[in-house]
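To keep things clear, I will list the structure first and then write my remarks on it.
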Amino acid sequence: LAESAQFMQGRSDERVMQGLALVEALQKAGAGTLGDAKLLSSIRDGKGAESDRAVYLAHEYLNSEWKPLYHIDTARLLADAKLRYVGATGLLQNFPDLSLRPEHREALERVPAGPLRETLKDYLVTRAFRRDLFVRGPRTVPDAVRDRELSGYGLALMVPRSEAKTKMDVPAGTAELPKAHYEPIFDALAQGPRTLADLHAIAMRAKPEGAPSLVEIAGVLVGTAQATPIPPGAFGRISASAQLFNIASTQEVAEQRTATASISLPVTGSGMTLQTMEASVFHAVATGTPPEPGPVTDVIIRRLKAAGIPLRLENRVITEPSEQRAVVAESVEWCLKERMGLWTSLGAL
């Protein structure tokens, strides 16, 4: 893209799109080393509007100082600073059984673990960018010591139990977690945060053969954004200042002055973004409304009327009071059922 853009005409955002069209033409003509159609489509489309995407691509690819390197080249350069590759920041990429197909793993067994094997992985999954972690002077520990240190850490389920999934998209396609192990783990987490030691024991009781390690349980569930980690000793942590902050943060949403709010989670030491109805329900309960569908719905309906903001559903303005109440009540019931326990267990309420 950088070289072809040199002889294209127009602004940089126009030239980069012309260059991409050339790359796509070469790929369709059989230049397989340029990547497959899926990869090129992801580069062209991305997540933004077409005009914004062109500006982004020009910024990324037409930078004269940007010199892309293979993993093996990067590892050699960083070795001069005594830095060594220890893993990918994309957690799922650290589990070959999930991130690579069986034939991929079989082929890679011919190559010793190290920079060359990591580079060859990129060919197998047509990965455009790597997100690697290098450490100076890394020290390994025996598995038993590792598991002992991890056992006190916990996980909290961040999705409703009905939405927890064992099938996931990975660079090599689709992978599926063993349901015999992970369904009982999800059931336990749906009741509240559990330690990794507890979750491993649950998997072992369900089916000892092939039970996931503590590392896998944590890496897979956090890597798929289905769970969040809890530091040792943080279970049940309560912070009055955090709860006051959460009330203040959700108040603007409750008063219909903004659409989302971020709240503090003392147990995890992190935060969480709430959408409009979630934040409205949270604020109502946090300020003393009984956590029941009727009272919470009454509060939200009253606030909607006071703000004079029309209630919309699928681009349709709802004016009939009974329909307004039905729509709000449905969302309130979902929040109380699927989110109330999570907010409480993580110290937000």
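Residue numbers (the working numbering): 28 to 376. The C-beta atom is built at its ideal place from N, Cα and C for all residues, glycine as well. Quick caveat: nothing in here was measured; it's all calculated off a predicted structure.
**OP:** Rank F156, T193, H208 and E133 by C-alpha distance to the C-alpha of A202 and give the top, closest one.
**Re:** Residue mapping note: residue 202 aligns to position 175 of the sequence shown, counting from 1. That would be T193, whose Cα lies nearest to the Cα of A202.
Original post:
CA-CA distance, T324 and E347?
Top reply: For the purposes of this step, residue 324 is taken as the residue at position 297 of the sequence shown. For the purposes of this step, residue 347 is taken as the residue at position 320 of the sequence shown. Distance between the alpha carbons of T324 and E347: 16 Å.
Original post:
With contact counted as at least three CB pairs below 8 Å, one residue from each stretch, are the stretch 107 to 120 and the stretch 163 to 174 in contact?
Top reply: yes
Subject >> Straight-line Cα distance separating F272 from A288 >> reply: Residue mapping note: residue 288 aligns to position 261 of the sequence shown, counting from 1. Residue mapping note: residue 272 aligns to position 245 of the sequence shown, counting from 1. When rounded, the distance between both Cα atoms is 11 Å.
Original post:
So what does DSSP say about P256, is it helix, strand or coil?
Top reply: Here residue 256 corresponds to residue number 229 of the sequence shown, with the count starting at 1. Three-state DSSP puts P256 in a strand.
**OP:** Using beta-carbon positions only, say whether E282 and R352 come within less than 9 Å of one another.
**Re:** As a working note, residue 282 is residue 255 in the sequence shown. As a working note, residue 352 is residue 325 in the sequence shown. For E282 and R352, no; Cβs fall outside 9 Å.
Original post:
Buried or exposed: Y209, going by 16 or more other Cβ atoms within 10 Å of its Cβ?
Top reply: Working through the sequence shown from its first residue, we reach residue 209 at position 182. Answer is buried; the Cβ neighbour count reaches 16.
**OP:** Within its chain, find whatever has a CB closer than 7 Å to the CB of R144; leave out the 5 residues flanking it on each side and keep chain order.
**Re:** One-based indexing of the sequence shown puts residue 144 at position 117. Correct list, in chain order: L135 and V138.
Original post:
Quick one: what's got a C-beta closer than 6 Å to E30's C-beta in the same chain, skipping five residues either side?
Top reply: Counting from one through the sequence shown, the residue named residue 30 turns up at place 3. None.
**OP:** Give me the Cα-Cα distance between A233 and A207, rounded to the nearest whole angstrom.
**Re:** As a position in the sequence shown, residue 233 is number 206, starting the count at 1. As a position in the sequence shown, residue 207 is number 180, starting the count at 1. When rounded, the distance between both Cα atoms is 7 Å.
Subject >> Cβ-based burial, P293 [other Cβ within 10 Å; buried from 16] >> reply: For the purposes of this step, residue 293 is taken as residue 266 along the sequence shown, with counting starting at 1. Flag for P293 reads buried.
Subject >> Cβ pair M231, V312 closer than 9 Å >> reply: The residue labelled residue 231 in the question sits at position 204 within the sequence shown. The residue labelled residue 312 in the question sits at position 285 within the sequence shown. Not a contact, by the Cβ cut-off of 9 Å.
Original post:
From what residue to what residue does the beta strand (DSSP E) around Y112 run?
Top reply: On the sequence shown, position 85 is the one that residue 112 refers to. Run containing Y112: L110 to A115, per the beta strand (DSSP E) assignment.
Original post:
To the nearest angstrom, how far is it from the Cα of R154 to the Cα of I345?
Top reply: Here residue 154 refers to the residue found at position 127 when the sequence shown is read from its first residue. Here residue 345 refers to the residue found at position 318 when the sequence shown is read from its first residue. Going by the C-alpha atoms only, they are around 46 Å apart.
Original post:
In chain order, what residues of the same chain lie with their CB nearer than 6 Å to the CB of T146, ignoring the 5 residues before and after it?
Top reply: Start at 1 with the first residue of the sequence shown, and residue 146 comes out as number 119. Same-chain partners within the cutoff: Y97, H98 and I99.
**OP:** Sort A58, M44 and W370 by Cα distance to I274 and report the nearest one.
**Re:** Here residue 274 refers to the residue found at position 247 of the sequence shown. Answer by Cα proximity: W370.
**OP:** Measure the alpha-carbon distance for C362 versus V308 and round it to whole angstroms.
**Re:** The count along the sequence shown starts at 1 and reaches residue 362 at position 335. The count along the sequence shown starts at 1 and reaches residue 308 at position 281. In a straight line, the C-alpha of C362 is about 7 Å away from that of V308.
Subject >> Helix, strand or coil at A76 [DSSP, three-state] >> reply: Counted from its first residue, the sequence shown places residue 76 at position 49. Any reading at A76 must be qualified, since the residue scores a pLDDT of 49, below 50, and its modelled position is unreliable; the value itself is stated next. Coil, per DSSP.
Original post:
Taking Cβ to Cβ, would you say L127 is nearer than 9 Å to G246?
Top reply: On the sequence shown, residue 127 is found 100 positions in, with the first residue counted as 1. On the sequence shown, residue 246 is found 219 positions in, with the first residue counted as 1. Cβ atoms of L127 and G246: not closer than 9 Å.
**OP:** Kindly list the residues whose CB is nearer than 6 Å to the CB of M44, restricted to its own chain and excluding five residues on each side of it in sequence; keep chain order.
**Re:** On the sequence shown, position 17 is the one that residue 44 refers to. Answer for M44: A81, listed in chain order.
Subject >> Residues near G296 by beta carbon distance below 8 Å, same chain, minus five either side >> reply: Within the sequence shown, the letter at position 269 stands for residue 296. Cβ neighbours of G296 beyond the five flanking positions: P258 and A261.
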